[in-house]
Every structure is written in structure tokens, then in C-alpha cells.
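Structure first, then comments.
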Amino acid sequence: MGSGAAATLAPADAGVLTEGGRRVLRAEARAVAALADRIDDRFARAIEILSDTPGRVIVTGVGKSGIIARKVAATLTSTGTPATFLHPVDGLHGDLGIVSRKDVAIVVSKSGSTSELAGLMEYMLRLGLPTIALAGDPGSPLARAATVCLDCRVSAEACPMDLAPTSSTTAALAMGDALAMVLLERRGFRPEDFAEFHPGGTLGRRLTLRVRDVMVAEGYPEVTEAARMQECIVPLAHMRGTVPIVDSRRRVVGVVTAGDLTRIMGGREDFLELPVGEVMSRTPRTTRPDTLAGVVLREMESYGIMALPVVDGSDELRGMVHLHDLLRADVA
Numbered sequence: 062m063g064s065g066a067a068a069t070l071a072p073a074d075a076g077v078l079t080e081g082g083r084r085v086l087r088a089e090a091r092a093v094a095a096l097a098d099r100i101d102d103r104f105a106r107a108i109e110i111l112s113d114t115p116g117r118v119i120v121t122g123v124g125k126s127g128i129i130a131r132k133v134a135a136t137l138t139s140t141g142t143p144a145t146f147l148h149p150v151d152g153l154h155g156d157l158g159i160v161s162r163k164d165v166a167i168v169v170s171k172s173g174s175t176s177e178l179a180g181l182m183e184y185m186l187r188l189g190l191p192t193i194a195l196a197g198d199p200g201s202p203l204a205r206a207a208t209v210c211l212d213c214r215v216s217a218e219a220c221p222m223d224l225a226p227t228s229s230t231t232a233a234l235a236m237g238d239a240l241a242m243v244l245l246e247r248r249g250f251r252p253e254d255f256a257e258f259h260p261g262g263t264l265g266r267r268l269t270l271r272v273r274d275v276m277v278a279e280g281y282p283e284v285t286e287a288a289r290m291q292e293c294i295v296p297l298a299h300m301r302g303t304v305p306i307v308d309s310r311r312r313v314v315g316v317v318t319a320g321d322l323t324r325i326m327g328g329r330e331d332f333l334e335l336p337v338g339e340v341m342s343r344t345p346r347t348t349r350p351d352t353l354a355g356v357v358l359r360e361m362e363s364y365g366i367m368a369l370p371v372v373d374g375s376d377e378l379r380g381m382v383h384l385h386d387l388l389r390a391d392v393a
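Heads up, the final residue of the sequence shown is numbered 393 in my numbering, and it's a clean run with no missing numbers.
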């Protein structure tokens with residue numbers, strides 16, 4: 062068979078392989094689900110330590126646990142908690158200068174008895190650093206020495222030989238994510254804060270683009286509630302189905318939509334003569350110019366809204382933002 066040809070599996074072989082994949086995923090899912098039952102006051106204490114530290118979070122681990130530690134550090138940093146990964150070997154050979162007495166440490170280890178971690182742990186304890194262990198063995202030396210130990214043990218690896226770190230690394234990663242997300246909530250971290258750490262790419266655009274950047278800020282028609290519906294026909298077409306209704310101070314008091322027009326057309330022959338005030342929706346949703354475009358998009362999609370009036374702090378009309386413009390701006 063040539064190098065570009067694909068092998069064809071017998072149905073029985075394909076079934077064995079797909080079931081093997083399901084087995085691994087189920088094993089790892091069970092490992093993560095089991096962690097939830099072990100969350101207790103120790104988790105709360107770990108959050109308090111992380112929240113109160115005036116310095117950085119030093120995250121460390123060896124081997125596969127080291128890879129997980131890198132990810133935990135990256136997640137903390139991107140959600141407002143300064144963190145850095147320190148390899149234990151590098152730390153013991155010249156990189157301990159990045160550790161200060163103001164820091165706190167998260168140590169990831171399945172066995173809790175790795176010699177490289179023991180040396181680094183001893184140094185951090187001498188400095189008086191609070192330490193949080195994500196430990197696969199809560200009775201290990203590392204777990205006992207830590208200020209707080211979070212139990213990340215698993216009953217078995219997803220590896221059929223119970224050797225390759227699989228379920229254990231997934232469990233440690235999930236516990237690290239739990240710490241980062243609860244800490245995010247405790248700090249009151251907002252989408253705007255997240256945007257500051259992710260300025261590039263599509264994500265950055267979604268988190269930095271504001272309503273003011275995509276709204277129609279001039280040239281849109283305004284109608285008062287005393288006007289007749291016939292005065293709304295052209296504006297409805299011009300504004301793609303939604304017209305803001307304003308008072309004498311240009312404060313938004315309602316909207317008329319194409320749906321409103323369709324509704325009255327079926328029940329009133331004199332619908333064109335009706336006052337706008339009898340047809341409009343009097344409690345329209347509005348938004349502000351500085352609102353994140355992505356937030357407005359989700360709201361409009363949730364409520365089936367095609368356009369929103371944009372108002373200032375006094376409810377004075379500043380523009381209109383349309384669903385199609387948000388989609389074109391690639392904030393979905």
C-alpha cells in the first residue's frame with residue numbers, strides 16, 4: 062500500500078478502537094468528577110492564600126506534572142494573577158532568584174516524593190512561602206509539608222497498563238483550573254480585564270471592540286411618539302427594521318420594529334394613521350457606547366433583537382447598533 066493510501070478497517074476492528082477511545086475519556090471524566098466530592102475547606106484556604114499574596118504564584122512540577130504546572134501558571138496569569146513556572150532543576154541550579162518571600166507556591170506532583178521537588182520545597186519553606194500541593198498522594202512527604210494539600214489522587218490511570226500519566230494529569234489540570242476560576246471570581250475579574258491580557262487575534266478583537274466602534278452614529282431617523290405610523294415606513298426600511306422613538310430631549314422612550322408594523326397591518330385598515338405611541342414598545346432594551354460588542358451580540362441573539370438604541374447616561378439617543386454589523390465585525 063502506498064504512503065498516501067488509507068487502510069480500511071474491518072467493522073470489528075473499528076469497533077474495538079472506538080470503544081478504546083471511549084474508555085479513556087470515561088476514565089478521565091470519572092477522575093475529574095471524583096475531585097468535586099473532595100473539595101472542602103482546604104480549597105477555600107488555598108483560595109485565600111492565593112488571593113492575599115502580595116507577590117507572584119510560583120508553579121512547579123517535574124515531568125508530565127511540570128507540563129501541567131506550566132499550564133496552570135499560564136491560566137493564572139491570563140486571568141489576573143501573576144504567576145510563573147519554575148522547573149525544580151533550574152531552580153536548584155541558579156533560578157531561585159525569581160522567588161521572593163512575598164510569593165506563594167503551587168507544587169504539582171503525582172507521587173509527592175520526587176527528589177528534585179524535595180530540594181526546591183525545602184528552600185521555599187525556609188523562605189516561609191505558603192505552599193499549595195496538588196498531590197496524587199495526599200500522604201506523601203510533599204503533601205504533609207505543604208501549607209495546604211488538595212487531594213488529586215485517582216483510582217487508576219486511563220493507560221491500560223496503569224503507567225502513563227493520563228487520568229492523574231487531567232485531574233491535576235482540572236484542580237488548577239478550579240483554583241484559577243474561583244480566584245478570578247473572588248477578584249472580580251471582568252471581561253474588560255481579560256481583554257487587556259489578550260489584545261491579539263480574534264479573541265482580542267472580541268474583547269476590545271466596543272459598541273461605539275460598530276454603531277450607526279449619524280444619519281439615522283428619529284421619530285416622536287406623536288407622529289403617525291406612515292412617518293415610520295421609510296425610516297423602518299432605512300434602519301433595517303427598527304426605529305428609535307424619542308421625546309423632546311432625544312431620550313429614548315420606545316422603538317417601533319418591522320414586526321410591530323406587520324402586527325397592526327393585519328388588524329387595522331387605518332394603521333398608517335395610528336399614533337406611533339399606540340404601536341411602539343415602551344420598554345425597549347438599550348445599550349451604551351462603551352459596552353463590549355461581544356456582550357451586546359449575545360444579548361441580541363438571546364432575545365431575538367435585530368437592533369438596539371445606543372444611549373448615554375441620561376438615556377439620550379447616541380446611535381443604533383445592528384446585529385448584522387456586529388456579525389460583520391467578527392465578534393461572534
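Cβ coordinates follow ideal geometry from the N, Cα and C atoms, glycine included.
In this text, all values refer to a predicted model and were calculated from it rather than measured experimentally.
Taking just the CA atoms, how far does residue j sit from residue i?
i, j, result
"Ile193", "Phe104", "9 Å"
"Cys293", "Asp308", "15 Å"
"Ala288", "Pro336", "6 Å"
"Ser201", "Pro350", "55 Å"
"Ala179", "Met185", "10 Å"
"Val123", "Glu218", "18 Å"
"Arg83", "Ala92", "14 Å"
"Ala134", "Val77", "38 Å"
"Arg324", "Met290", "13 Å"
"Asp125", "Met182", "Just to set this straight, residue 125 is Lys in the shown sequence, not Asp. Approximately 18 Å, taken between the alpha carbons."
"Ile128", "Thr348", "43 Å"
"Pro115", "Leu153", "24 Å"
"Gly65", "Ala75", "Caution is warranted here: a pLDDT of 49 is assigned to Gly65, below 50, making its placement in the model unreliable, and no coordinate value can be reported."
"Val277", "Arg379", "9 Å"
"Ala232", "Tyr364", "38 Å"
Around the C-beta of residue i, are 16 or more other C-beta atoms found within 10 angstroms, so that it is buried, or is it exposed?
i, result
"Met222", "exposed"
"Ser112", "exposed"
"Pro345", "buried"
"Arg312", "exposed"
"Asp214", "Residue identity check: residue 214 is Arg in the sequence provided, not Asp. Counting Cβ neighbours within 10 Å, Arg214 comes out buried, since at least 16 surround it."
"Ala94", "exposed"
"Ile306", "buried"
Closest by CA to residue i, which one among the options?
i, options, result
"Lys163", "Gly355, Ile110, Val123 and His148", "Ile110"
"Arg247", "Val277, Arg106 and Gly82", "Arg106"
"Pro191", "Gly200, Val209, Ile366 and Thr230", "Val209"
"Gly302", "Leu353, Ile366 and Ile325", "Ile366"
"Val168", "Thr79, Asp198 and Arg359", "Asp198"
"Thr227", "Gly380, Asp386, Arg87 and Val372", "Arg87"
"Lys171", "Thr121, Leu137 and Asp156", "Thr121"
"Asp321", "Val340, Ile306 and Glu330", "Val340"
"Thr285", "Val243, Met300, Leu270 and Gly338", "Gly338"
"Ala97", "Met236, Ala204 and Asp386", "Met236"
"Ala319", "Arg329, Met300, Thr142 and Gly158", "Met300"
"Arg117", "Arg131, Ala144 and Asp212", "Ala144"
So what does DSSP say about residue i, is it helix, strand or coil?
i, result
"Gly65", "Model confidence at Gly65 stands at a pLDDT of 49, short of 50, so the residue's coordinates are unreliable; what they give is reported in the following sentence. Correct three-state label for Gly65: coil."
"Ala194", "strand"
"His383", "strand"
"Thr145", "strand"
"Val304", "strand"
"Val160", "coil"
"Ser139", "helix"
"Ala219", "coil"
"Pro115", "coil"
"Gly327", "coil"
"Pro296", "helix"
Does the beta carbon of residue i sit closer than 8 Å to a beta carbon anywhere in chain B?
i, result
"Leu244", "Protein chains in the displayed structure number just one, and chain B is not present."
When you measure from the CB of residue i to every non-hydrogen atom of the ligand ATP, does any distance come out below 7 Å?
i, result
"Lys171", "In the structure shown, the ligand ATP is absent, as is every other ligand, since no ligand is present at all."
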